[in-house]
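Chemist:
Protein chains in written order, with this note's numbering: chain A, 15 to 292; chain B, 4 to 380; chain C, 47 to 199; chain D, 706 to 1028.
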């Protein structure tokens, strides 16, 4: 594979479209080329570049379970030109895919520990493959907790997954919305505040968070306040990306490129980068 | 410096002519009427000369004394480059069905090599920096590497450095032929060849007739020593020495300080400095479609552009020109030292020359260093 | 379009001063028409079967004031041989003053085009009201002819 | 007393009222000066004002007027004041916040002209003594007459010692002393060519464009900079390709966006790293707006720019009739 063109995407077919929230859809893709499809594997946290040819290419995390060989799932929030084009796709249409790219959650290092996942809105997407992996290998991990936050009850991504996880005994699930509304029997409050009131013990626990930049910022503050060590906190970041392979230059934070050195970073790593990541 | 061969200026012309028959030779050409200097394909140059209404000597000359206005990076990394074509195919029988075909960029089967003649040592250094960016890492950049793989760099030392030159500050020298395949020094009325790489041996062995047979090597070597000395004296320094070992650390420390606001005040946040820089490599990728066919291409981009980091969500990690300029200088004097082991500035001075508001990267770096010393005093 | 249908259309359209019916030119002309007057006028020309050359590609806009001069430059850039802008007569603008602004911009552009190497005759702006089907036909025929002349040179 | 000293004296006098002063300071590079931003009274000593001060400092005023709360003092050549007045007439800046300190001008030298005259050879040093200009390049010394190298705008300047608007005017004993030239002579020269030759001329010029946007960002009137239509994804108005066509198209966007606004300071052409004669494009647009709308930019802060207003009957527009 020495002469492989790093910019040329594989063609994949949209197998299924799931409407998650009014602004978010999940696409389930199957790579057309049979050999490539069978060879494909990825680690939880890795990303892929999705193209709608004629519109552009953007980066999304692969959020299906790594053990799922049927399809790859990506969740897309409508924001720009390419995401709108992805939203307008119908089942059976073709997209371009370059994956897997970037690094992943060091799930082996997390074995034997308690894990707390903190996801806001579409920030749950990068956590999903890891959660699924850990649930599939529950014996290797201790207590799993998920704090899922969204603006309103309608804004929860992967609602059916959360429901399943809620029912299973393997993971404790807490859901919160920003402001109170009728028919909501669960937590109310901003994610960092709810986290603070939960008072999770930092003892032998790893916290993994993802969400909008402002949420990550305050969540990290709360985690530190709760006594979590910097190397026990993980987050995934996003930046504007073009090439996805560390050449085009724009996704850097200091000397690190989010596309190749990330998107997964421990807070310790981030604090070693001189340029502020927020 | 040990002299291996010597070629007169007259013969250099013949030699280039010969090389151009089998290869693509690029050389610095000056348009005297417009005073513009740029690297040009020799074949293109000859065409221009032919078309020129005035006498060609009056309008166009081959020029290796002055720096070219643009760095030669565009020969390997063009301003705009096609990545691949795509085409939606519609089935007339079944209009619902749309197939997609991707055409990888066809490899240009060039018979010969790309030869860059008359490259300044700093420009050769610049190309070696790009080699690292595009050639290192898990994924390589085929488009660049494909062109670069088949190329030879013929570098001519700088007998006369310019006021905005500062290669010695960043670890280079006007006679650094480390990155060149052939290194030449202008002596008397010709060029002494002081370096030949294995790849480039045939350029000389196949064209022996152009190279002087009986030369007094020691005399030429003495002459070269004199040239090197006088060149070193002329090179402009705005400050004594750059603490190259420490610069990364100094830059790190400066990041939180307000010094960057001060440095950037006069900057107008344009891309002139980036586009003339021999080591800047950032690019943008876009799709364009007409009807059912389209193309994905890349084009140069510049980090002082506010759209450069603007995410679709509206979040911009570097919304301010001071943050962008901080990133730009750090990219060169800090981040790329960590990533690729070298300062990503070769001291060619082009950015200083083109800046309409006299931004000077030397001044910026010096301000950061001075600021740190003041803080520690 | 099949040949027979095409012939039928040609037969059915007889009126108007069109000398070059036999000679099909391939000049491409983009026309920006205001929704309220000129588009309606062109429509009326169509329904009254006033024959018009096929070289015109009409783009409907709410008002001639919506015509950014860049549209015209872009059209030329993309290969248009001529560009025509048409809107309501001054004082008749649906939005009262859109075409007054347009007139200033378009006249400026018209004066400017030759300076960048585009023949002034390739661009025109005209006022055609909804009832002036005949005028529209004349305008189009004359404009196409003019572009053909420029092209032929 | 030199104009520079008089200017410094004046600035010292009023510096107390200013939060920020924008002026010129010396540059390490021959033939160039630095824009300087001075906040403290002690720092005014580094200011200069001479024939190298070609930069139009009004380029900074829009951004500064947004970020600086207090009064901004700005050193402007009489011609530069027009940019400020134009911005004010479009209500983009508040004149009350700005103190225009205007020294009389005896002309400024265009370093690009000098550079071109010496054949593009790099200039190592330069000395201006009265009217004689001593230039040293890497290969030779030139003795030049300053009178040949003034910026284009100086040759038809009407305001060098009588700016229409200012807060402080400082009389310059040295007057602009050059042979005036016809303002539109270079425009006429281009228009004398055939339409195809004109197209070819601009294609040749724009084949050099690298789309660095220095022209846009230095322009005092183009306040869009970070929000420019050319960079937008949606609408996708312009391709990001760097080539002749796109360079020219971008420049036409500029021309159209500056029609009836451009004050012909020539900064775009000076900033262009590829030496494309952009000010010709701008001059043509000024010529047309003068002819059609009898409007001169940058002279009346209370008059509406021509494209923001209209007349029922436009006496200078002769509409053609195609019907």
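Built from N, CA and C at the ideal position, the CB exists for glycine as well.
(1) Unbroken alpha helix (DSSP H) runs of length 4 or more, entirely within the region 735-802 of chain D: which are they?
(2) Could one say the Cβ of residue 235(B) lies closer than 8 angstroms to chain D's Cβ atoms, at least one of them?
(3) Which residues, in chain order, does the region 170-198 of chain C contribute to contact with chain D at a C-beta distance below 7 angstroms?
(4) Using a beta-carbon distance below 8 angstroms, is residue 938(D) in contact with chain A?
(5) Apart from the five residues on each side of it in sequence, which residues of its chain come closer than 7 angstroms, Cβ to Cβ, to residue 976(D)?
(6) At the level of alpha carbons, what is the spacing between residue 147(B) and residue 80(B)?
(7) Identify each residue in the region 80-101 of chain A for which the Cβ-Cβ distance to at least one residue of chain D is less than 8 angstroms, and report them in chain order.
(8) By a C-beta neighbour count over all protein chains shown, 10 Å radius and 16 as the cutoff for buried, is residue 292(A) buried or exposed?
(9) Which of helix, strand or coil does DSSP assign to residue 287(B)?
(10) Residues of chain A with a CB under 9 angstroms from the CB of residue 140(B): which are they?
(11) Just how far apart, CA to CA, sit residue 144(A) and residue 170(A)?
(12) In whole angstroms, what separates the C-alpha of residue 360(B) from that of residue 738(D)?
(13) Compare the C-beta of residue 405(B) against all C-beta atoms of chain A and say whether one is closer than 8 angstroms.
(14) Going along the chain, which unbroken runs of the beta strand (DSSP E) with 3 or more residues stay wholly within the region 227-298 of chain B?
(15) Which of helix, strand or coil does DSSP assign to residue 143(A)?
(16) Give me the chain B residues within the contact set of residue 232(A), using Cβ-Cβ distance strictly less than 9 angstroms, ordered along the chain.
(17) Contact defined as beta carbons within less than 8 angstroms: I believe residue 188(A) pairs with residue 212(A). What is the distance between those atoms, to the nearest angstrom?
(18) Assuming residue 179(A) and residue 160(A) form a contact by the criterion Cβ under 8 angstroms, report the distance between their Cβ atoms to the nearest whole angstrom.
(19) Using the three-state DSSP reduction, which class does residue 67(C) fall into: helix, strand or coil?
(20) Would you tell me roughly how many angstroms separate the C-alpha atoms of residue 195(B) and residue 127(B), rounded to the nearest one?
(21) Out of 710(D), 872(D), 947(D), 849(D), state which residue places its alpha-carbon closest to the alpha-carbon of residue 781(D).
(22) Applying the 10 Å Cβ sphere with the 16-neighbour rule, what's the burial state of residue 856(D)?
(23) Can you list the residues of chain B that residue 25(A) reaches, using a CB-CB cut of under 8 angstroms?
(24) Compute the Euclidean distance between the alpha carbons of residue 991(D) and residue 815(D), then round it to the nearest angstrom.
(25) Starting from residue 847(D), follow its DSSP beta bridges and name the residues at the other end.
(26) Compute the distance between the beta-carbons of residue 938(D) and residue 202(A), then report whether it is under 8 angstroms.
(27) Cβ closer than 9 angstroms: which chain C residues qualify as neighbours of residue 1028(D)?
(28) Are the beta-carbon atoms belonging to residue 302(B) and residue 163(B) less than 8 angstroms from one another?
(29) Could you compute how far the alpha carbon of residue 280(B) sits from the alpha carbon of residue 273(B)?
(30) Does the distance from the CB of residue 101(A) to the CB of residue 39(A) come in under 8 angstroms?
(31) Among the residues of its own chain, which have a CB less than 7 angstroms from the CB of residue 262(A), if the five just before and after it don't count?
(32) Can you say whether residue 197(B) is buried or exposed, counting buried as having 16 or more other CB atoms within 10 angstroms of its CB?
(33) On the DSSP bridge list, what partners appear for residue 874(D)?
(34) How many whole angstroms separate the CB atoms of residue 252(A) and residue 272(A), which I take to be in contact at a CB cut-off of 8 angstroms?
(35) With 16 as the cutoff for other CB atoms within 10 Å, does residue 36(A) come out buried or exposed?
(36) Run the CB neighbour count on residue 936(D), radius 10 Å, all protein chains shown included, and call it buried at 16 or more, exposed below.
Modeler: Working from what's here:
(1) 766-772, 786-794
(2) Position 232 of the second chain, counted from the first residue, corresponds to residue 235(B). No, residue 235(B) lies away from the interface with chain D (no Cβ there is under 8 angstroms from its Cβ).
(3) 170, 172, 181, 184, 185, 188, 189
(4) Locating residue 938(D) in the fourth chain gives position 233, where the first residue counts as 1. At least one chain A Cβ lies under 8 angstroms of residue 938(D).
(5) Here residue 976(D) is taken as the residue at index 271 of the fourth chain, counted from 1. For residue 976(D), where only same-chain residues beyond five positions count, the Cβ hits under 7 angstroms are 919, 920, 923.
(6) As a first step, residue 147(B) is located in the second chain; it is residue number 144 there, counting from the start. As a first step, residue 80(B) is located in the second chain; it is residue number 77 there, counting from the start. Spanning the two alpha carbons is a distance of roughly 6 angstroms.
(7) 94, 95
(8) Within the first chain, residue 292(A) is the residue found at index 278, counting from 1. It is exposed - the Cβ of residue 292(A) has fewer than 16 other Cβ atoms within 10 Å.
(9) Within the second chain, numbered from 1, the residue matching residue 287(B) stands at position 284. The answer is strand: DSSP assigns residue 287(B) an E or B state.
(10) Here residue 140(B) refers to the residue found at position 137 of the second chain. Under the 9 angstroms cutoff, chain A gives 259, 260, 261, 274.
(11) Position 130 of the first chain holds residue 144(A). Position 156 of the first chain holds residue 170(A). If you take the alpha carbons of residue 144(A) and residue 170(A), they lie about 18 angstroms apart.
(12) By 1-based counting over the second chain, the position of residue 360(B) is 357. By 1-based counting over the fourth chain, the position of residue 738(D) is 33. The straight-line gap from Cα to Cα measures roughly 8 angstroms.
(13) Nothing about residue 405(B) can be reported from this structure: the residues present for chain B run from 4 to 380 only.
(14) 286-293
(15) As a working note, residue 143(A) is residue 129 in the first chain. Helix.
(16) The sequence position of residue 232(A) within the first chain is 218, counting from 1. Here the premise fails: no neighbours, minimum Cβ distance about 15 angstroms.
(17) For the purposes of this step, residue 188(A) is identified with residue 174 of the first chain, where counting begins at 1. For the purposes of this step, residue 212(A) is identified with residue 198 of the first chain, where counting begins at 1. Confirmed, Cβ separation roughly 7 angstroms.
(18) By 1-based counting over the first chain, the position of residue 179(A) is 165. By 1-based counting over the first chain, the position of residue 160(A) is 146. The Cβ separation is near 6 angstroms, so the contact holds.
(19) Translated into positions along the third chain, residue 67(C) becomes position 21. At residue 67(C) the pLDDT is 49, less than 50, meaning the model places this residue with poor confidence; the figure from the coordinates comes in the next sentence. DSSP places residue 67(C) in coil when its eight states are reduced to three.
(20) To locate residue 195(B), count along the second chain from 1; it is residue 192. To locate residue 127(B), count along the second chain from 1; it is residue 124. Their backbone Cα atoms lie some 18 angstroms apart in a straight line.
(21) Walking along the fourth chain from the start, residue 781(D) turns up at place 76. Among 710(D), 872(D), 947(D), 849(D), the Cα nearest to that of residue 781(D) is on 872(D).
(22) The count along the fourth chain starts at 1 and reaches residue 856(D) at position 151. Label assigned to residue 856(D): buried.
(23) Counting from one through the first chain, the residue named residue 25(A) turns up at place 11. By Cβ distance, chain B contributes 103, 105.
(24) What you label residue 991(D) is simply residue 286 of the fourth chain in a count that begins at 1. What you label residue 815(D) is simply residue 110 of the fourth chain in a count that begins at 1. Taking the straight line from one Cα to the other gives about 21 angstroms.
(25) Position 142 of the fourth chain, counted from the start, is the residue given in the question as residue 847(D). Bridge partners of residue 847(D): 840(D).
(26) If you number the fourth chain from 1, residue 938(D) lands on position 233. If you number the first chain from 1, residue 202(A) lands on position 188. For residue 938(D) and residue 202(A), no; Cβs fall outside 8 angstroms.
(27) The count along the fourth chain starts at 1 and reaches residue 1028(D) at position 323. Chain C residues near residue 1028(D): 172, 174, 178, 180, 181, 182, 183, 184, 185, 188.
(28) For the purposes of this step, residue 302(B) is taken as the residue at position 299 of the second chain. For the purposes of this step, residue 163(B) is taken as the residue at position 160 of the second chain. No, the pair does not count as a contact, with Cβ atoms beyond the cut-off.
(29) Residue mapping note: residue 280(B) aligns to position 277 of the second chain, counting from 1. Residue mapping note: residue 273(B) aligns to position 270 of the second chain, counting from 1. If I take the Cα positions, the gap works out to 13 angstroms.
(30) Position 87 of the first chain holds residue 101(A). Position 25 of the first chain holds residue 39(A). In contact: residue 101(A) and residue 39(A) (Cβ atoms closer than 8 angstroms).
(31) One-based indexing of the first chain puts residue 262(A) at position 248. Counting only Cβ-Cβ distances below 7 angstroms, and skipping sequence neighbours, we find 256.
(32) As a working mapping, residue 197(B) is identified with position 194 in the second chain. Buried, since its Cβ has 16 or more Cβ neighbours within 10 Å.
(33) Position 169 of the fourth chain, counted from the start, is the residue given in the question as residue 874(D). Partner(s): 807(D).
(34) Looking up residue 252(A) in the first chain gives position 238. Looking up residue 272(A) in the first chain gives position 258. Right, the Cβ-Cβ distance comes to about 7 angstroms (below 8 angstroms), so this counts as a contact.
(35) As a first step, residue 36(A) must be located in the first chain, where it is residue number 22. Classification for residue 36(A): exposed.
(36) Within the fourth chain, the letter at position 231 stands for residue 936(D). Residue 936(D) comes out buried.
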